[in-house]
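**Student:** After the structure tokens below, expect a handful of questions from me.
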Amino acid sequence: MNNLDYIFLNNKIQELMRVSFKKLRFFALLYIAIHFFLITLSSVEASELGKFKPLTLQTSGLRISGGIEVDKYGNIYVLDSGSTCVRKFKADGTKLISFCTGDPGKQLGGIAVDASGNIYVSSRIEHIIYKLNSGGTLIKQWGSEGTGNGQFKYPRGIAIDDTGNVYVADSVNNRIQKFAADGTYITQFGQMGYPADIALDKAGNMYITNTFPYSVKKLRSDGTDLSYGWKNNFNLPEGIAVDPNGNIYVADKNNGRIQKFTSDGEYLAQWGAESSLDGKFIFPSQLAIDTAGNLYVIEGEALNQRVQKMTPLPSDANLSSLKIGTFTIPLSSNNQVTVGNDVSMLTITATALDPLAAINIEGKLSSTGTLSYQTNLDVGSNIIPIVVTAQDGRTKKTYTLTVVRLTSTDASLKALTINHGTLSPAFSANQEMYTVQVEHAVSSIQITASPTNDGAKVAVNNKTSSETVELVVGETTIPIVVTAQDGKTQKTYTLTVTRVLSEDATLKNLTVSEGTLNPAFSANEENYMVQVGNDVTTLEIAASTTDSQASMTINGNVTTSETIALVAGQPTTIPIVVTAQDGKTQKTYTLTVTRVLSEDATLKNLTVSEGTLNPAFSANEENYMVQVGNDVTTLDIAASTTDSQASMTINGNVTTSETIALVAGQPTTIPIVVTAQDGKTQKTYTLTVTRALSEDATLQKLSVSEGILSPVFKADEENYTLQVEHNVTMLDVEAVTTNSEASVTINGKHTALDSIELLVGQAKTVSIVVTAPDGKTQKTYTLTVARAPSSDVTLQTLTVDQGILNPSFQPTINRYTIQPDLATSTIQVTALPTNVDASVMINGKTTTTDTITIIAGETMTIPIIVTAQNGEQGVYTLLVQEPSIPVTSVIVQPTNLQLQLGGSPVALTATIFPANAGNQNVSWRSNNPTVATVDQNGMVTPKSAGVADIIVTTIDGSRTATAQITVEQVVYSNEPTPSSAPIQEPVNDNDYSPSTPVNIIFHTNGGTVIEPMEVIYNTKLSNLPIPTREGYRFAGWYQDKELTKPWDKGMLVKESFTLYAKWTALPVEEAEAPKDSQAPKTPQPLPPIVTFQDIENHWAQEIIEALATQGIITGYKDGTFRPNETISRQHVAVLLTRAFTFEASRPTIAFTDVAPHHPYYHEITILQQAGIIDGVDGAFHPTDQLTRAQLAKILANTLQLQPQTTSSFTDVDSSHWSAEYIGALERAGIALGDNGEFRLEASVTRAQLAAFLYRAMQQ
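Right, here's the structure in full:
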């Protein structure tokens, strides 16, 4: 026992001494006491705990302070801490075997037995776990003091899962460690509180007692904490065990009790009190449960020193029988019984299968295992729970008995009363049909019905049990429905009420809509007269009967009102017949109506289709005037009479509307005669119409022989402008009037078509005047014509007084060259424009003739700018070449050259004589390209072993010289080969040189394989081997994989290392890319020696050939250049780095779409470092097309030109981002434009790029 144990034990013993013994409650158990030291218990009288039998373990001197275990055979294992031995007993206490683990000071802690009978014991002092076989032989031991995996500090309880894994409560380390059966560490679960014991359930969940603080912890097999349900108070919990049903038992040591819980920590029961009596405890410490569920409790303190065995009380909570009265019903958890409506009370008898079980029916408890209970029944379902509680006080079972008491089926009445008349026959509950007769004046009857059974429901006329029913004349049938309590049984009583019919056939009133009844109305007067005016065409008659149930016809129609058509001059008789409700009694009223003839000869209205009546129409006004416009040639006149029976003529025709033809300037009179219905009365209306002369002075059409009117012609638009081309000298103007009677003049001439002469620069105004037919109204149309100035920017002639133009002058060709004699110092240039109004500027002077001084030894360009009358410009270029000195001879050096296959290209040098010869250009060729090739810079590349002649030929005079090239095969191996190894230059600087050579490994990154080589320590290397790779150009050796650190030929080799090859992919357009990407800055436009099959007669032919001769451009493998195709940004970068030399001015910023292995990474990086390109949002977009505006910025930055804010190009706005770059190129003569436009958003073609590069390289 460690110090912490002693402190806990001492405190709890003192506390227990102050606490009175607690009464055992809830779960009473049977106990079998197993005593040590040969102590035998005497018999105990029967009590609530049952009876005890004494059981003695056959041993003596046993000191219990450690664990206890029961194997699957019921054998009991107890740790004897006095001798550090394990004692094994049979279930009846007979000793089987003892085996000891060693020194008594070891103080054993916990014990567990696996399925094979192997025994695991923890030694608290030694910090060790012992594994023994069933015979007590030591098999394995593991552990030592410490905090590491597999180490312990005072290990205590042990548990074994179904797979044989061993769990140890590592007390002072506050953890549970898990091991395989052989002691191999598996895992651990921390955050414990000095764990004392551990138990496992069937699911692998762990239950741990913690001694500081006092608690029980539950973990899932993966270590997940499930302790949230454990809330009961403990005072030094130690032993813990799980029974076959998953219930948890805890030895609550200092409380002197055992507590029982569900696996989720729900409290179930407790028992024990401080005593040496059976079933009571003094410091219970360790627990074990056998397969039958018996609980073994160790009391290891000095007072008791024993093991108690406890068996649970019975848990049978079943019934053996259930009766209702004398009737026994089958047992189930839910029973239902139906009884008649007359049964209002019932006796229930329940008998338990266990006579000591308790029964509870609706709160009444049994004193024995049988209970009789009497209950009252309501109509419908009566639910009666019967609860049986087993002896253990925990197990309960509920039987539910449902007794259904049926409802009543009585649907008869006990009384039926009415407030008018007498029932026939008199009421009887069994009589269902009744009649009653009432007077006609009785319009309703009240009926009251009462059921025999109070639970029944009555509906009089489908409503309540007492209802007032409205009566119709004749029979009214009233149903009285009784529904019994069961809701199903019904009985219908029927009451038929007869209300007698009325004999009243008189009218209550009679009215007419026009005139007056004669005599005045009286119900007893049957004949009446009415006279109405001629204007009354219909008469509305309305009548109502005295008795609302009587019927009536007016003029034969069943109605209360009728409209009667009246004929003038003829009396109309209308009968009104009333029939009483009885259908027999009738009375007829007669009305005679007379309508007089009309004398109305007036018009109701008079309208005209045009103009306005003067004065406004009135039936009494007979004379009218109407004034209409000239455009009105006919007039529609419409009239209607006030009396529809009157007749009418218009202009002598019997009609209601007439169309009258009108004559301009002459009044037209139209009579309208109306005759009244009486045929005698007449009235004549007179209408005088005047049609005015036309005032239309508009044009219907205005047309011109050239150009388009602005705006488009409309009759209401009077002012127009017209722009015509410069070549239009005469203009035909035609005007057509809208009104054919109108007259027109053009520029004062009475004509509709006139020819107008136009002058350049003078606006011509044409006046067109239209006069309407009225001779007064006029309208003037004005046409302003402007003739455009000339746009001709061509020359008529171009002459020089020295040399010959090449090619011969043509106005459409704008580039020429001349080569004057050596003695020429000036040259006179004469340029005459085709259009006399155009101006000419020669070499910056506005003149048609200029004398220009030639600088000896230099080529100069003379620009000739033609400015047309409209301001457009055209540029002619005259290239004055240096006077030519003929070539006399050429030599090549070296004349003999040995190369190694795979070695670097070697340059040959051609020297022309005399040195000041005018044309220094040569061409190179190989007579055996399979052995060695040569480019136009004289760079020789070995191809295969053999001999080849390289011939150089001058362009001027075709002088030749030859160099012989010998190419040798090189074989690399692990041994140095003197003939093929790179040149090694020893350095004598007194540096220590080890005898072991230095190895160089070549990583060719996809090129041909080069074997490793050995070199001498502390030497310099030159002419390293060069690999080849199809489609790529070798770009040198590098010391790092990232290809950022080039190999330095001056570097001393002192250790082994690896070199990495860098490659530049050849563009698709290149068949053989030049090795030197830096072309001369100022190429001379010399006679071409390199051309392409698709540039013949192309405007940029000479420029393309000049750049191709210098190696700036190489074209495609099929021999084409494709000048009109667009070019990508990445290929522009390649050509720029060939044409110009760039210096880095800023650190490298990698583009996201140009990786180090990109074929043009090197060229693009050069331009980025030089500040020429920046990309967009971190990307370069290498395959995108380049616009002319973007190229302007690149070239202006490359040449470091001063930005210019103005430009003559019409499509370049000064606010555009590229305007200052385009202005700079224009000022430098690099950007010439296209018909006055730069077309800044258009993609650059290959020919345009060549032209831009050519001009830029001359700066």
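Note that the UniProt record's numbering gives residue 702 to position 702 of the sequence shown, counting from 1, and the numbers run on in steps of one.
All C-beta atoms in this analysis are idealised placements derived from N, C-alpha and C, irrespective of residue type, glycine included.
All figures in this text were calculated on a predicted structure; none of them were measured in a lab.
Could you check the C-alpha separation between F1151 and G1175 for me, to the nearest Å?
**Tutor:** Taking the straight line from one Cα to the other gives about 8 Å.
**Student:** I39 to R306, Cα distance in whole Å?
**Tutor:** Confidence at I39 is low in this model, with a pLDDT of 26, below 50, so the placement of that residue should be treated as unreliable; the coordinate-derived value is given next. For I39 and R306, the distance between alpha carbons rounds to 9 Å.
**Student:** Could you pull the start and end residues of the alpha helix (DSSP H) that Y720 belongs to?
**Tutor:** Taken as a continuous stretch (DSSP letters only), Y720 belongs to no alpha helix (DSSP H), being part of the beta strand (DSSP E) at 719-724.
**Student:** Look at the Cβ atom of D643, then the Cβ atom of D600, and state whether they are nearer than 7 Å.
**Tutor:** Yes, these two residues count as a Cβ contact at 7 Å.
**Student:** Run through the DSSP bridge pairs and tell me what T1058 is partnered with.
**Tutor:** Per DSSP, I1001.
**Student:** Opposite L138 in the DSSP bridges: which residues?
**Tutor:** DSSP lists L132 as partners of L138.
**Student:** Pick out whichever of I564, L416, T422, E439 has its Cα sitting closest to the Cα of T492.
**Tutor:** It is L416.
**Student:** Between which two residues does the alpha helix (DSSP H) carrying E1102 extend?
**Tutor:** Its alpha helix (DSSP H) spans residues 1101-1109.
**Student:** Can you tell me where the alpha helix (DSSP H) holding V1134 begins and where it ends?
**Tutor:** First-last of the alpha helix (DSSP H) with V1134: 1129-1139.
**Student:** Please report the straight-line C-alpha distance between I533 and A616, rounded to a whole angstrom.
**Tutor:** Note on residue identity: the sequence assigns Gly, not Ile, to residue 533. Taking the straight line from one Cα to the other gives about 30 Å.
**Student:** Cα separation between V890 and D1153?
**Tutor:** V890 and D1153: Cα-Cα distance of roughly 49 Å.
**Student:** Identify, in the order they occur along the chain, each residue of the same chain with its Cβ nearer than 6 Å to the Cβ of N1124, setting aside the five sequence neighbours on each side.
**Tutor:** For N1124, where only same-chain residues beyond five positions count, the Cβ hits under 6 Å are T1245.
**Student:** Find the nearest neighbour of N235 within the set D243, T224, V216, A1170, judged by alpha-carbon distance.
**Tutor:** The residue with the shortest Cα to Cα distance from N235 is V216.
**Student:** Taking K1117 as the reference, give the member of V1132, F1092, T1109, E1102 with the closest Cα.
**Tutor:** Ranking V1132, F1092, T1109, E1102 by Cα distance to K1117 puts F1092 first.
**Student:** Assign E1220 to one of three DSSP states: helix, strand, or coil.
**Tutor:** Here E1220 sits in helix by DSSP.
**Student:** Put A786 into one of helix, strand or coil per three-state DSSP.
**Tutor:** In this structure, A786 counts as strand in the three-state DSSP scheme.
**Student:** Can you give me the C-alpha to C-alpha distance between A1250 and L1225, rounded to a whole angstrom?
**Tutor:** Distance between the alpha carbons of A1250 and L1225 is about 15 Å.
**Student:** I'd like to check one pair, T1210 with E1237: are the Cβ atoms closer than 7 Å?
**Tutor:** Taking 7 Å as the Cβ cut-off, E1237 and T1210 qualify as a contacting pair.
**Student:** With DSSP as the reference, label N605 as helix, strand or coil.
**Tutor:** Correct three-state label for N605: strand.
**Student:** Run the CB neighbour count on I298, radius 10 Å, all protein chains shown included, and call it buried at 16 or more, exposed below.
**Tutor:** Buried.
**Student:** Mind checking who N924 pairs with in its DSSP beta bridge?
**Tutor:** The amino acid at residue 924 is misidentified as Asn; the sequence shows Trp. Bridge partners of W924: V952.
**Student:** Measuring straight from C-alpha to C-alpha, what distance separates Q1204 and Q873?
**Tutor:** Approximately 19 Å between the Cα atoms of the pair.
**Student:** Is it right to say E1055 is buried, meaning 16 or more other beta carbons lie within 10 angstroms of its own, or is it exposed?
**Tutor:** Per the 10 Å Cβ criterion, exposed.
**Student:** Nearest by alpha-carbon distance to G293: which of Q391, I125, D243, V608 is it?
**Tutor:** Ranking the options by Cα distance to G293, first place goes to D243.
**Student:** Alpha carbon to alpha carbon, how far is Y249 from Y185?
**Tutor:** Distance between the alpha carbons of Y249 and Y185: 29 Å.
**Student:** Could you pull out every residue in the same chain whose Cβ sits closer than 6 Å to the Cβ of R25, ignoring the five residues on either side in sequence?
**Tutor:** Residue confidence is low: R25 scores 30 on pLDDT, short of 50, so the model does not pin down where it sits. Its coordinate-derived value is still stated next. Counting only Cβ-Cβ distances below 6 Å, and skipping sequence neighbours, we find nothing.
**Student:** If I198 and A241 are in contact, beta carbons under 8 Å, what's the gap, nearest whole angstrom?
**Tutor:** Between A241 and I198 the Cβ distance is about 10 Å, and since that is not below 8 Å, they are no contact.
**Student:** Counting only the same chain and skipping the five closest in sequence on each side, list residues whose C-beta sits under 6 Å from that of K323.
**Tutor:** Cβ within range, chain order: T349.
**Student:** From G1223 to S1208, what does the alpha carbon distance come to, in whole angstroms?
**Tutor:** Cα-Cα distance, rounded: 8 Å.
**Student:** Locate the beta strand (DSSP E) running through A1251, then write down its first and last residues.
**Tutor:** It is not in any beta strand (DSSP E) - A1251 instead sits in the alpha helix (DSSP H) that spans 1246-1257.
**Student:** Check each candidate in A1155, D378, N360, V379 and name the one with the smallest Cα separation from S372.
**Tutor:** Nearest C-alpha to S372: N360.
**Student:** How many angstroms separate the CA atom of R499 from the CA atom of I478?
**Tutor:** Between R499 and I478, the C-alpha separation is close to 13 Å.
**Student:** Anyone know if the C-beta pair for T1137 and E1163 falls short of 7 Å?
**Tutor:** The answer is yes: Cβ separation under 7 Å.
**Student:** Give me the Cα-Cα distance between W924 and Q881, rounded to the nearest whole angstrom.
**Tutor:** C-alpha separation (whole angstroms): 24 Å.
**Student:** Just to check my reading of the structure: Q778 and V785 have Cβ atoms closer than 8 Å, yes? What is that Cβ distance to the nearest angstrom?
**Tutor:** Contact flag wrong, Cβ pair sits at about 23 Å.
**Student:** By how many angstroms is the C-alpha of Q177 removed from the C-alpha of K202?
**Tutor:** Answer to the nearest angstrom: the Cα atoms are 19 Å apart.
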